[in-house]
Amino acid sequence: MRQASILYFCLGLLALFSGILVKAEDAYRYYTWTITHGTISPLGVPQKGILINGQFPGPTVDCVTNDNIIVNVINKLDEPFLITWNGIKQRKTTWQDGVQGTNCPIPPNSNWTYKFQTKDQIGTFNYFPSIGIHRVAGGFGGFNVQSRSVIAIPYPIPAEEFTLLIGDWYKADDKVLQQELDQGFPLPLPDALLINGLSQGATFTGEKGKTYKFRVSNVGIATAINFRIQGHTMTLVEVEGAHTIQEVYDSLDVHVGQSVTVLVTLNGSPKDYFIVASSRFTKPILNTTGILRYAGSNTPPTLPLPIGPTYQIHWSMKQARTIRLNLTANAARPNPQGSFHYGTIQVVRTVILANTAANISGKLRYAVNSISYVDPATPLKLADWFNIPGVFTLNSIKDAPTNAPAAFGTSVIGTTLHDFVEIVFQNTETTIQSWHLDGYSFYAVGYGSGVWTPDKRKKFYNLNDAVSRHTVQVYPKSWSAVLVSLDNKGMWNLRSAIWSRRYLGQQLYVRVWNNEHSIFTENDIPPNALFCGLAKHP
């Protein structure tokens, strides 16, 4: 009898611990996405677009910090396809990044399953196709990561939230535009701006007196935008996964590839108001409008539209400096964001990257420190993992601009895990630039005009509360500086977010490495990995 009691007691403990373990595991979210071509008419003209489950834009991913995301992508296109997760950090797993330097493309009429975790992240992000210029045809969508219920957010919980995907759009399909680039011609000015796939009329309804969260992403390929709401101010609360000081703005610049989150209180008369997005630094200016509707309103919005900035570079740079990190707020973890005192860490390496337009073999290309990137047939990550020679050479790009003529190459910067690095983006051209680093957030510490020099650190750097983000703008004939802790092992794409420039060579890869083979620093190659080029299955 006594033995039976002990047995039941032990079984009870086992059941209890099993229950605890089951509850402790983070949630899984499963998606099946079928990628097809279909006819869309965002500008009133039928054209071929890329659909996900028949939708344009694609479905929004709504998840919570640390959720496990499983996305089975079925490619029904007649060409290879990949999706990249813009701003999702892919901790320890470059294998899920979805760019050609890390993944073999998904062949036509086949599928591949992405598996990753939104580890220690919150915020507003998005996803899009990464091969060629597929993204000009669609295939993009929102990706929102909510805070865990046990982690307080630094503002009252809004009544509801809205996802706004704003970007430029062409009437021509991606094949026509790609042919122009292949022939050595730059792309023309886009035809229009869209909000959630619509050139006009995207509507968001709320109740008077309540506050709403607007998650705004610039999903375009070329055009910075200014976003504003008629008769209402916006309180900025988050930028690309980082809570910000809650400054109030009449309008906000959102550059290509960037995302912001704002709170809007409906404190006006109960009617409809224009939501406006307009292009920045373009001639002519492109405009699109949506509608903020008060519940029960039968009164349409009235002109004039709220006025936004046009080509004022200094205005935009000054606004960028006002966006700062909220050092007292929790992010994805209980500890305050400001506990990482990045301004006191010794920089071990400074890399200065200058973008230039170039003519190579009689055709337009774009180069970084004189190298115009070309994707090899074998993904860099596979070549690195299997020690395949001849695919790339470490440090094949210089740490500073050179006077050498631009040439084709496969640029890879070699770094060591946990290096703390300063990257300066030097814009030598008269057009605005936008740079993104996969797998990371960096501190956007400085913006300035002219040519960067070391003495700019003393005058222009914010070493206390610069915002942490994954995409930074670089103004014409200006520079932007970021600081990044390279704590995510892998092979990561550092690229122009202006997609025609990336397609024509304005990108490179950062190899973050150490000689320890451990799942604590990097996951093993997944069992469902695709193989191509010189890579062979082990």
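Here the sequence shown stands for residues -24 to -1, 1 to 514, where the numbers follow mature numbering (1 follows the signal peptide of the UniProt record, and there is no 0).
All C-beta atoms in this analysis are idealised placements derived from N, C-alpha and C, irrespective of residue type, glycine included.
The structure presented is a predicted model; accordingly, all values stated were derived computationally and were not measured.
To the nearest angstrom, how far is the alpha carbon of residue i from that of residue j?
{"i": "K247", "j": "N263", "result": "22 Å"}
{"i": "E223", "j": "M293", "result": "16 Å"}
{"i": "Q155", "j": "A148", "result": "11 Å"}
{"i": "N438", "j": "I11", "result": "43 Å"}
{"i": "A198", "j": "P22", "result": "22 Å"}
{"i": "S348", "j": "N464", "result": "26 Å"}
{"i": "L301", "j": "K65", "result": "19 Å"}
{"i": "R341", "j": "Q482", "result": "8 Å"}
{"i": "A353", "j": "L484", "result": "15 Å"}
{"i": "T78", "j": "T369", "result": "16 Å"}
{"i": "F507", "j": "C80", "result": "6 Å"}
{"i": "A135", "j": "L242", "result": "11 Å"}
{"i": "A511", "j": "D500", "result": "16 Å"}
{"i": "D38", "j": "D96", "result": "15 Å"}
{"i": "S425", "j": "R433", "result": "13 Å"}
With DSSP collapsed to three states, give me the class of residue i.
{"i": "V112", "result": "helix"}
{"i": "S315", "result": "helix"}
{"i": "D38", "result": "strand"}
{"i": "S292", "result": "helix"}
{"i": "V152", "result": "helix"}
{"i": "T407", "result": "coil"}
{"i": "F436", "result": "helix"}
{"i": "W9", "result": "strand"}
{"i": "Y479", "result": "helix"}
{"i": "L279", "result": "coil"}
{"i": "W145", "result": "strand"}
{"i": "T391", "result": "strand"}
{"i": "L262", "result": "coil"}
{"i": "L157", "result": "helix"}
{"i": "T298", "result": "helix"}
{"i": "E492", "result": "coil"}
{"i": "Q176", "result": "strand"}
{"i": "G466", "result": "strand"}
{"i": "V450", "result": "strand"}
{"i": "V224", "result": "strand"}
{"i": "H208", "result": "strand"}
{"i": "S417", "result": "coil"}
{"i": "H412", "result": "strand"}
{"i": "T181", "result": "strand"}
{"i": "A442", "result": "strand"}
{"i": "A383", "result": "strand"}
Could you name the residues of the same chain whose beta carbon sits closer than 8 Å to that of residue i, not counting the 5 residues immediately before and after it, in chain order?
{"i": "A(-10)", "result": "Note that A(-10) scores a pLDDT of 41, beneath 50, so its modelled location is shaky; the value from the coordinates is reported in the next line. Correct list: empty, nothing qualifies."}
{"i": "N87", "result": "N48, V49, I50 and N51"}
{"i": "Q76", "result": "L58, S106, I107, D351 and P355"}
{"i": "Q176", "result": "T264, T265 and G266"}
{"i": "residue 599", "result": "What is shown of the chain runs -24 to 514, which leaves residue 599 out entirely."}
{"i": "F418", "result": "I399, S444, R445, H446, V448, V458, L459 and V460"}
{"i": "V230", "result": "I142, V192, S193, N194, A200, I201, N202, F203 and V236"}
{"i": "K374", "result": "N345 and S346"}
{"i": "Y416", "result": "K65, H446, V460, L462, N464 and W468"}
Among the residues of its own chain, which have a CB less than 6 Å from the CB of residue i, if the five just before and after it don't count?
{"i": "P502", "result": "W71"}
{"i": "D450", "result": "Note on residue identity: the sequence assigns Val, not Asp, to residue 450. Excluding positions up to five away in sequence, the list reads F401, N403, Q409 and S456."}
{"i": "I16", "result": "G25 and F32"}
{"i": "M210", "result": "Y225, V238 and V240"}
{"i": "residue 570", "result": "Because the chain in this structure spans residues -24 to 514, residue 570 falls outside the shown range and cannot be described."}
{"i": "R487", "result": "V388, G390 and M467"}
{"i": "residue 525", "result": "Not covered by the structure: residue 525. The range shown for the chain is -24 to 514."}
{"i": "I127", "result": "N306"}
{"i": "K68", "result": "E498 and N499"}
In the DSSP output, what is residue i paired with across the bridge?
{"i": "D248", "result": "R269"}
{"i": "E136", "result": "Y188"}
{"i": "K24", "result": "T15"}
{"i": "E214", "result": "H219 and T237"}
{"i": "residue 521", "result": "Past the edges of the chain, shown from -24 to 514, lies residue 521, and the structure says nothing about it."}
{"i": "Y4", "result": "N44"}
{"i": "A457", "result": "V400 and G422"}
{"i": "I171", "result": "I142 and L174"}
{"i": "Y485", "result": "V388 and N469"}
{"i": "A307", "result": "A307 is not bridged to any residue."}
{"i": "V230", "result": "I201"}
Which residues in the same chain have their Cβ closer than 7 Å to the Cβ of residue i, if we skip the five residues on either side of it in sequence?
{"i": "T275", "result": "K247 and D248"}
{"i": "residue 515", "result": "For residue 515 there is no data in the structure shown, the boundaries of the chain being -24 and 514."}
{"i": "T36", "result": "G117, G118, N120 and T139"}
{"i": "T386", "result": "Y349, V350, P352, F368 and S372"}
{"i": "L174", "result": "P18"}
{"i": "I205", "result": "V240, Y249, I251 and L268"}
{"i": "A380", "result": "S346"}
Just to confirm the assignment: which complete beta strand (DSSP E) runs, minimum length 3, are found wholly within the region 41 to 126?
44 to 51, 59 to 62, 86 to 93, 99 to 105 and 117 to 122
Please give the ranges of any beta strand (DSSP E) in the region 310 to 377, keeping only runs that are unbroken, at least 3 residues long and fully inside the region.
325 to 336, 339 to 344 and 347 to 349
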